[in-house]
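Have a look at the structure below, then the notes.
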Amino acid sequence: SRQCIIFTNSRLGCARLARSLERDGIKAGAIHGDKSQGERTLTLDAFKSGAIEALVATDVAARGLDIPSMPCVINHELPFNAEDFIHRIGRTGRAGSKGDAIALVDASEKRLLDDIEKLMKRKLEIQPLPEGNPSYAPSRSSSRSEAPPKMSDPFFYKPYEPSAVNKSSSETSNPEEKKVGITPARPAVGALLGGFKKK
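Taken in order, the sequence shown gives residues 259 to 457; the numbers are from this note's numbering.
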């Protein structure tokens, strides 16, 4: 079976990753907190029937999810809580069956990885990804690889230059009209409920 569950930390990241996988020709579905119970049930049924290969899920949406003989669980992002990692990978290799648990980790997640290793009381095997692999990191502020350059307008890279209209208006304005100095004090205003002071 080529099926797997992929865990993300956010609903937005979950939806974006599922769309990215679909664009790359992988049959994917997402379950997260913004989906209705009916939508989640339809997606789960499609996954159980084999119509969906990759189920992208958040921890909250995957609670109580019982899919026997899951061959692979992928952590697209490490969870903020080490116990959640144990719950995620516990969904594969059940009842004596074999399963793979994979975590994609970048440098910003080192502390989270240390917490997981401390909880598991062992070091996890780390392998660098081969060069040229696509990276799906829509929900992270620092992605694993450089995003493709976006088209941009060179206008936005030019230094500020005042327009001709602004120059002419500033040149024609009379400098004597500008008043410089201390402005007179405003008249006192009464207490909050009392209104203005009576004269």
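All C-beta atoms in this analysis are idealised placements derived from N, C-alpha and C, irrespective of residue type, glycine included.
For residue j and residue i, the rounded distance between their alpha carbons
{"i": "Ala-361", "j": "Val-331", "result": "8 Å"}
{"i": "Thr-350", "j": "Gly-357", "result": "5 Å"}
{"i": "Leu-275", "j": "Ala-315", "result": "10 Å"}
{"i": "Ile-344", "j": "Asn-267", "result": "15 Å"}
{"i": "Ala-304", "j": "Val-363", "result": "29 Å"}
{"i": "Ala-359", "j": "Val-318", "result": "19 Å"}
{"i": "Leu-323", "j": "Gly-271", "result": "20 Å"}
{"i": "Gly-348", "j": "Pro-417", "result": "56 Å"}
{"i": "Gly-283", "j": "Pro-388", "result": "21 Å"}
{"i": "Arg-298", "j": "Phe-338", "result": "24 Å"}
{"i": "Gln-277", "j": "Leu-300", "result": "Sequence inspection shows Arg at residue 277; the Gln mentioned does not correspond to that position. Roughly 17 Å separates the two Cα atoms."}
{"i": "Pro-386", "j": "Gly-308", "result": "30 Å"}
{"i": "Arg-260", "j": "Lys-379", "result": "30 Å"}
{"i": "Arg-281", "j": "His-334", "result": "17 Å"}
Close Cβ partners of residue i (< 6 Å) along its chain, the five nearest in sequence each way excluded
{"i": "Ala-273", "result": "Ala-288"}
{"i": "Ala-340", "result": "Asp-373, Ile-374 and Leu-377"}
{"i": "Ile-327", "result": "Here the sequence assigns Ser to residue 327, which means Ile is not the residue at that position. Taken in chain order, the residues that qualify are Ser-355."}
{"i": "Leu-279", "result": "Ala-286 and Ala-312"}
Residue i and residue j closer than 7 Å at C-beta
{"i": "Lys-381", "j": "Glu-375", "result": "yes"}
{"i": "Leu-336", "j": "Leu-370", "result": "yes"}
{"i": "Ile-310", "j": "Lys-285", "result": "yes"}
{"i": "Leu-313", "j": "Ile-384", "result": "no"}
{"i": "Phe-265", "j": "Arg-321", "result": "no"}
{"i": "Arg-269", "j": "Gly-296", "result": "no"}
One or two residues paired with residue i in a DSSP bridge
{"i": "Leu-313", "result": "Ile-263 and Gly-287"}
Close Cβ partners of residue i (< 7 Å) along its chain, the five nearest in sequence each way excluded
{"i": "Lys-342", "result": "A quick correction: the sequence has Asp, not Lys, at residue 342. Cβ within range, chain order: Asp-317."}
Neighbourhood of residue i by C-beta, 8 Å cutoff - its chain only, sequence neighbours within 5 removed
{"i": "Lys-306", "result": "Ile-325"}
- prompt: Whole alpha helix (DSSP H) runs in the segment 294-379 with 4 or more residues, listed along the chain?
  reply: Along the length of the segment 294-379, whole alpha helix (DSSP H) runs at least 4 residues long occupy 295-307, 340-347 and 368-378, reported in chain order.
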